[in-house]
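Line by line, the protein sequences give chains A and B.
Quick note, my numbering runs 452 ahead of the 1-based positions in the first sequence.
Quick note, my numbering runs 1 ahead of the 1-based positions in the second sequence.
Quick reminder that beta carbons are idealized off the backbone N, C-alpha and C, glycines included.
Quantities reported herein were computed from a predicted structural model and do not represent experimental measurements.
The structure appears below as structure tokens.
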Amino acid sequence: MIYFDKVSKVYNGGQSTALREITFQVAPKEFVSIVGHSGAGKSTLLKMLIAEDAPTDGQVFFESLNIHSIPRGKLPKFRRRIGTVFQDFKLLPHKTAFENISFAMEANGRTDEEIAENVPQALELVDLADKAWNFPHELSGGEKQRVAIARAIVNQPDIIIADEPTGNLDPIATYEVVQILKKINDLGTTVIMTTHNKGVIDELGKRVLTMDEGRIVRDDEDGRYVL
Amino acid sequence: MWTGFKRIVRSGFVGFWRNTFVSLASIFVMTVALFVIGSTMLLGQLLEVSLDNIKNKVDINVYFVTEASDDDINSLKTSLESLSEVESVALTTREEALQQFKDRHVEDEPTIQALEELGENPLGASLAVRAGNTSQYQGISDFLDEQQTGEGAQNSVIYRVNYLDNKESIEKLTSIIDAVDSSSFIVMIVLVAVSILITFNTLRLAIYTSREEISVMRLVGASNTFIRGPFMLQGVMYGLVSGVIAILILYPIVLWLGPKTATFFQYNLFDYFVSDFVSMFAVIVGTGIALGLVSSIMAVSRYLRV
Numbered sequence: 453m454i455y456f457d458k459v460s461k462v463y464n465g466g467q468s469t470a471l472r473e474i475t476f477q478v479a480p481k482e483f484v485s486i487v488g489h490s491g492a493g494k495s496t497l498l499k500m501l502i503a504e505d506a507p508t509d510g511q512v513f514f515e516s517l518n519i520h521s522i523p524r525g526k527l528p529k530f531r532r533r534i535g536t537v538f539q540d541f542k543l544l545p546h547k548t549a550f551e552n553i554s555f556a557m558e559a560n561g562r563t564d565e566e567i568a569e570n571v572p573q574a575l576e577l578v579d580l581a582d583k584a585w586n587f588p589h590e591l592s593g594g595e596k597q598r599v600a601i602a603r604a605i606v607n608q609p610d611i612i613i614a615d616e617p618t619g620n621l622d623p624i625a626t627y628e629v630v631q632i633l634k635k636i637n638d639l640g641t642t643v644i645m646t647t648h649n650k651g652v653i654d655e656l657g658k659r660v661l662t663m664d665e666g667r668i669v670r671d672d673e674d675g676r677y678v679l
Numbered sequence: 002m003w004t005g006f007k008r009i010v011r012s013g014f015v016g017f018w019r020n021t022f023v024s025l026a027s028i029f030v031m032t033v034a035l036f037v038i039g040s041t042m043l044l045g046q047l048l049e050v051s052l053d054n055i056k057n058k059v060d061i062n063v064y065f066v067t068e069a070s071d072d073d074i075n076s077l078k079t080s081l082e083s084l085s086e087v088e089s090v091a092l093t094t095r096e097e098a099l100q101q102f103k104d105r106h107v108e109d110e111p112t113i114q115a116l117e118e119l120g121e122n123p124l125g126a127s128l129a130v131r132a133g134n135t136s137q138y139q140g141i142s143d144f145l146d147e148q149q150t151g152e153g154a155q156n157s158v159i160y161r162v163n164y165l166d167n168k169e170s171i172e173k174l175t176s177i178i179d180a181v182d183s184s185s186f187i188v189m190i191v192l193v194a195v196s197i198l199i200t201f202n203t204l205r206l207a208i209y210t211s212r213e214e215i216s217v218m219r220l221v222g223a224s225n226t227f228i229r230g231p232f233m234l235q236g237v238m239y240g241l242v243s244g245v246i247a248i249l250i251l252y253p254i255v256l257w258l259g260p261k262t263a264t265f266f267q268y269n270l271f272d273y274f275v276s277d278f279v280s281m282f283a284v285i286v287g288t289g290i291a292l293g294l295v296s297s298i299m300a301v302s303r304y305l306r307v
């Protein structure tokens, strides 16, 4: 479903290398965790996937689509097939939880009826139905991240990309977020997650890619956190 | 299509309300800028009218000898009128001159008595010659000189031309008018340019605070139109509200200034404000809306680049 073909990324005209000839595949419905030290290239890898940054060399395929040959005007449409979750949540501060989620649907051109039906369902899934009308600053970190996850899944994307989703959360919130991601994966959505959290990896027991200095140094089918 | 438009409008309005501080700050700055533009317009009008007034007060008077016949006077009048520099020639006949003199001295008993004792009208007819531009009086004066001293000047009917008496003040006035005209133009251009720049930068800052939001919207897959729309609407609203506020501030000021300008400049600024209200309103509010719209489009575009 996702195929990285010898992808390299160089910043500052060759001074710093973020990715070196990365090649790997992700199958549909897989749950892949990417681990590695800070600066190992995890976030850069995910940026390639949502076309926020272009590789210096190599190609990234989403099914048969070469992501970096998509014309700029068609990018929004492509991004709607991917749900994204970030360490710093990236919620819209002047919109309520409900509006943050419905915004993703509105941007996707869904009807008002669909929005009225799907947003409460998504909130239900992340167990935040009672906080629908709170603004982000009125929510805890874990709640914000759950809103972000609800927003990511509400358009039923093919894949969820989570960049250190638990990085800012306490252990309980971390547990909740990971359980939700697992549930989403069980429902049939591919999930790619980067993390620093050993506990999360060990508990998941899924495929783990270990990165170091821009390379994939390990690829384990049953996840353990080894650095 | 319609749903998208509806959503953009709603999102624009909601953003306007929820971003209270940014909205208020932008409106405040835009109000000041539009107020400056409005004041500049009013001042420009006032200046133009008073310069016109001053120009109209300048003329050359040609005094005829009392024996001058109507034919002589009329032929000079016609030849003056045929000059390209001359805008108008007004004839004051001997009788009119006498009447004006009497009117002017109606309280001055000895003068009137002296006049009656004379028995006949001592005043000659005169022509008031007005040029299109104050700098053209020299040419007219030269022409009149020719009439006085040139061929057949022996039996000239012209008694006196007052240009030379006033030459210095006319020239001074001409240079003052020119200087005021061009410097006020520069000052106005600068004021308007500064207002536009300030507005533009304020909106850019306002949208700068939303750059994170814009990047989030992009990541969620919102199209550029969908992201830009609400900001454009907000820019238009800032302009509209600021324009109306600027007009509301100008109104009492002009109302208060009106009578004062009427006595000083012989021109009531308030009457102008009222009679030209539609165009004033259109210019101020229209400038606001256009500025808001253009600034927000340009500012958002910066953050829409992938």
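C-alpha gap between residue i and residue j, whole angstroms
i	j	result
threonine 563 (chain A)	arginine 229 (chain B)	20 Å
phenylalanine 65 (chain B)	tyrosine 160 (chain B)	5 Å
glutamine 137 (chain B)	alanine 180 (chain B)	17 Å
valine 162 (chain B)	isoleucine 61 (chain B)	7 Å
alanine 194 (chain B)	valine 37 (chain B)	11 Å
aspartate 71 (chain B)	valine 158 (chain B)	11 Å
glycine 763 (chain A)	glutamate 655 (chain A)	Any answer about residue 763 (chain A) is impossible in this case: the structure gives chain A only from 453 up to 679.
arginine 303 (chain B)	aspartate 540 (chain A)	23 Å
tyrosine 463 (chain A)	alanine 300 (chain B)	27 Å
serine 176 (chain B)	phenylalanine 282 (chain B)	34 Å
glutamate 68 (chain B)	aspartate 146 (chain B)	20 Å
arginine 95 (chain B)	proline 123 (chain B)	9 Å
arginine 19 (chain B)	isoleucine 246 (chain B)	21 Å
isoleucine 55 (chain B)	serine 142 (chain B)	20 Å
isoleucine 187 (chain B)	threonine 226 (chain B)	39 Å
Which residues DSSP lists as bridging residue i, in chain order
i	result
threonine 93 (chain B)	B:Ser127
methionine 31 (chain B)	According to DSSP, which records beta bridges pairwise, methionine 31 (chain B) is partnered with nothing at all.
serine 460 (chain A)	A:Asp509
serine 485 (chain A)	A:Met645, A:Val660
glycine 535 (chain A)	A:Ile612
serine 468 (chain A)	A:Tyr463
isoleucine 215 (chain B)	In DSSP, isoleucine 215 (chain B) forms no bridge with anything.
leucine 498 (chain A)	Paired residues: none, contrary to the question.
aspartate 674 (chain A)	According to DSSP, aspartate 674 (chain A) bridges with nothing at all.
Beta carbon of residue i nearer than 8 Å to that of residue j
i	j	result
isoleucine 613 (chain A)	valine 578 (chain A)	no
isoleucine 553 (chain A)	valine 606 (chain A)	yes
valine 652 (chain A)	phenylalanine 483 (chain A)	no
phenylalanine 513 (chain A)	isoleucine 668 (chain A)	no
leucine 35 (chain B)	glycine 244 (chain B)	yes
valine 30 (chain B)	isoleucine 285 (chain B)	no
lysine 461 (chain A)	proline 523 (chain A)	no
leucine 220 (chain B)	isoleucine 502 (chain A)	yes
methionine 238 (chain B)	phenylalanine 17 (chain B)	yes
arginine 659 (chain A)	aspartate 610 (chain A)	no
alanine 115 (chain B)	threonine 93 (chain B)	no
Cβ of residue i within 8 Å of any chain B Cβ
i	result
alanine 559 (chain A)	yes
histidine 546 (chain A)	yes
lysine 542 (chain A)	yes
arginine 531 (chain A)	yes
threonine 641 (chain A)	no
proline 617 (chain A)	no
phenylalanine 555 (chain A)	yes
threonine 523 (chain A)	One point to set straight first is that residue 523 (chain A) is proline, not threonine, in the sequence displayed. Cβ-Cβ to chain B under 8 Å: no for proline 523 (chain A).
Chain A contact for residue i (CB, 8 Å cutoff)
i	result
valine 10 (chain B)	no
valine 237 (chain B)	no
alanine 223 (chain B)	yes
phenylalanine 227 (chain B)	yes
leucine 35 (chain B)	no
glycine 230 (chain B)	no
glutamate 214 (chain B)	yes
valine 217 (chain B)	yes
glutamate 49 (chain B)	no
asparagine 269 (chain B)	no
8 Å Cβ cut-off: residues of chain D touching residue i
i	result
methionine 233 (chain B)	The displayed structure is made up of protein chains A and B, and chain D is not among them.
Whole-number beta carbon distance between residue j and residue i, since they are thought to touch under 8 Å
i	j	result
alanine 492 (chain A)	glutamate 665 (chain A)	7 Å
serine 495 (chain A)	aspartate 615 (chain A)	6 Å
methionine 218 (chain B)	leucine 294 (chain B)	At roughly 20 Å, the Cβ-Cβ gap does not stay under 8 Å, so methionine 218 (chain B) and leucine 294 (chain B) are not in contact.
glutamate 88 (chain B)	glycine 140 (chain B)	Incorrect: roughly 13 Å between the Cβ atoms, too far for contact.
lysine 481 (chain A)	glycine 640 (chain A)	6 Å
isoleucine 486 (chain A)	threonine 646 (chain A)	5 Å
threonine 548 (chain A)	tryptophan 585 (chain A)	5 Å
leucine 48 (chain B)	isoleucine 178 (chain B)	Not a contact, Cβ separation roughly 10 Å.
leucine 251 (chain B)	glycine 39 (chain B)	5 Å
valine 255 (chain B)	leucine 43 (chain B)	7 Å
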